[in-house]
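Below you'll find the structure, written out as structure tokens, and then a few comments.
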Amino acid sequence: MTNYINRTLETTLRHCNTQFKIVLVTGPHQVGKTCLLKHCGADRRYVSVYGINEREWARRDPELFLQHFGAPLIIDDIQYAPQLMPYLKRLVDSCEATGRYWLAGSQHFALMKGISESLAGRVAVLTLQGLSAAELRGLSSPQPFLPNKEFIKSRRQLCKTQPKLRPFEQIVRGSYPALHSTSNTDIYTFYNSYVTTYLERDLRLLEYVADESSFMKFLCIVAARTAQTVNYSEIAQAAEISQPTAKKWLSLLVRSQLVYLVQPWYRNVSKRLIKMPKLYFADTGLCAFLSGWESARALEVGSMSSAFFETYVATEIIKSYQHAGRRAPIYYYRDLERKEIGLLIERDGQICPIEIKQTASPQISMVKNFKLLENSGPGALICSVSEDLPLTQEVTALPVTYL
């Protein structure tokens, strides 16, 4: 029995439906794009262009294809039929009604190029990732994470009545809905099948990947470097590939939304794009599988526990923005003296510093680098405490369960 779990993006989707003629939901495979659109658009016709017959029809005669199904319509796996884009433009331009077409697809270069060329100004592009910790607890309000008094107060009240998740159990299981909506899905089997299907279904369609075994080795090496700054030379050497290949393949993972690259923060905005970004796997379960961790207990006491805890926190914060239909204004800080701050949230001209520690005994010394920032807003130390604790007037130690 499969149970639908309410998604935060539903609110944003319905709002965009009243503002735009087309809504596109992108995201990795198996994160629930189709379920979301079908749940919110139960009165709409649905067609997927992944199947050979539908794909060939959409490519051969896109105008007849769209005439046959009519509107309002959900078109799934739209990346396989980019030929539909110009005809969708023609149809929506001939009608003033909003919300005529809902599209779902992976954010491949060809898809986004077609969107920007044909549907600019007509389409709202939303990103769906796996289930957030808040969604798993039934908290589907689109409130992006920000460590201010209002957010802390609301989370404190909500979490009093909600069952607490065990972070490392959640980390190893990951966020794919199939692992949460049913009770009998084996984690190892799911991820093993996911990786195999992903390689066969998506990446082999792209010219970048000719050697599957080398790419699989590359995937595992990148997974083992989650929560680290990107060093293409080290990755290429470990994977026994060239640096240009490592850059292409990592770019492919980013575009497929399997990996986030968080840029360093500088007061000079232009500098943020020329320094080394920090890498986070978008799904901790997939990352754990690729790096050889199957047991939550073993990971919690193992050598990569801090990296996975940081990855879990960072990706939950990023998802809280994406699922509210917003770009995540997330950066990290490291100066020439190697003083670091885990994450920075840039909001309304202020910088909210975030430190991430696995500890259950937070100390003021853990956030001493916050003083390096000028005009900083409220900050947080996200850790393993059971309730929020003030560290200074502006910094609060927050339970990881508040995410």
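Everything in the sequence shown is counted per my numbering, starting at 172 for the first residue and increasing by one. Every residue, glycine too, gets a C-beta built ideally from N, C-alpha and C.
On the premise that residue j lies in contact with residue i, defined as a C-beta separation below 8 Å, what is that separation, rounded to the nearest angstrom?
{"i": "residue 193", "j": "residue 259", "result": "7 Å"}
{"i": "residue 189", "j": "residue 269", "result": "6 Å"}
{"i": "residue 415", "j": "residue 567", "result": "Residue 415 to residue 567, Cβ: 45 Å. No contact."}
{"i": "residue 393", "j": "residue 447", "result": "Wrong, their Cβ atoms sit about 14 Å apart, outside the cutoff."}
Cβ of residue i within 9 Å of Cβ of residue j?
{"i": "residue 338", "j": "residue 483", "result": "yes"}
{"i": "residue 208", "j": "residue 184", "result": "yes"}
{"i": "residue 315", "j": "residue 492", "result": "yes"}
{"i": "residue 156", "j": "residue 557", "result": "Absent from the model: residue 156. The displayed extent of the chain is 172 to 574, so no value can be given."}
{"i": "residue 221", "j": "residue 244", "result": "no"}
{"i": "residue 345", "j": "residue 177", "result": "no"}
{"i": "residue 496", "j": "residue 523", "result": "no"}
{"i": "residue 454", "j": "residue 241", "result": "no"}
{"i": "residue 399", "j": "residue 478", "result": "yes"}
{"i": "residue 527", "j": "residue 553", "result": "yes"}
{"i": "residue 347", "j": "residue 424", "result": "no"}
{"i": "residue 464", "j": "residue 366", "result": "no"}
{"i": "residue 431", "j": "residue 418", "result": "no"}
{"i": "residue 545", "j": "residue 304", "result": "no"}
{"i": "residue 516", "j": "residue 541", "result": "no"}
{"i": "residue 195", "j": "residue 295", "result": "yes"}
On the DSSP bridge list, what partners appear for residue i?
{"i": "residue 244", "result": "216, 272"}
{"i": "residue 399", "result": "450"}
{"i": "residue 547", "result": "522"}
{"i": "residue 553", "result": "527, 569"}
{"i": "residue 561", "result": "567"}
{"i": "residue 515", "result": "502, 524"}
{"i": "residue 194", "result": "273, 295"}
Taking the alpha carbon of residue i as the point to measure from, which residue in the options has its own alpha carbon closest?
{"i": "residue 298", "options": "448, 465, 395, 427", "result": "427"}
{"i": "residue 306", "options": "296, 294, 540, 330", "result": "330"}
{"i": "residue 277", "options": "325, 217, 203", "result": "203"}
{"i": "residue 227", "options": "175, 252, 458", "result": "252"}
{"i": "residue 229", "options": "246, 216, 215", "result": "246"}
{"i": "residue 174", "options": "352, 526, 182", "result": "352"}
{"i": "residue 538", "options": "368, 385, 324, 514", "result": "514"}
{"i": "residue 508", "options": "205, 543, 462, 519", "result": "543"}
{"i": "residue 275", "options": "200, 265, 327, 322", "result": "200"}
{"i": "residue 232", "options": "256, 215, 213, 216", "result": "256"}
{"i": "residue 489", "options": "574, 289, 218", "result": "574"}
{"i": "residue 340", "options": "324, 239, 468, 405", "result": "468"}
{"i": "residue 198", "options": "182, 521, 210, 249", "result": "249"}
Hey, is residue i's beta-carbon within less than 9 Å of any beta-carbon in chain D?
{"i": "residue 290", "result": "Absent here is chain D; the protein component of the structure consists of one chain."}
Under the criterion of a Cβ to heavy atom distance below 8 Å, does residue i qualify as lining the ligand MN?
{"i": "residue 319", "result": "For the structure depicted, the ligand MN is absent and the ligand set is empty, with no information on it obtainable."}
Task: 3 or more residues per run - each beta strand (DSSP E) lying fully within the region 323 to 351 - done: none
- [ ] Let me know the alpha helix (DSSP H) ranges lying completely inside the region 420 to 505, each 4 residues or longer, listed in chain order.
- [x] 455 to 461, 467 to 471, 476 to 493
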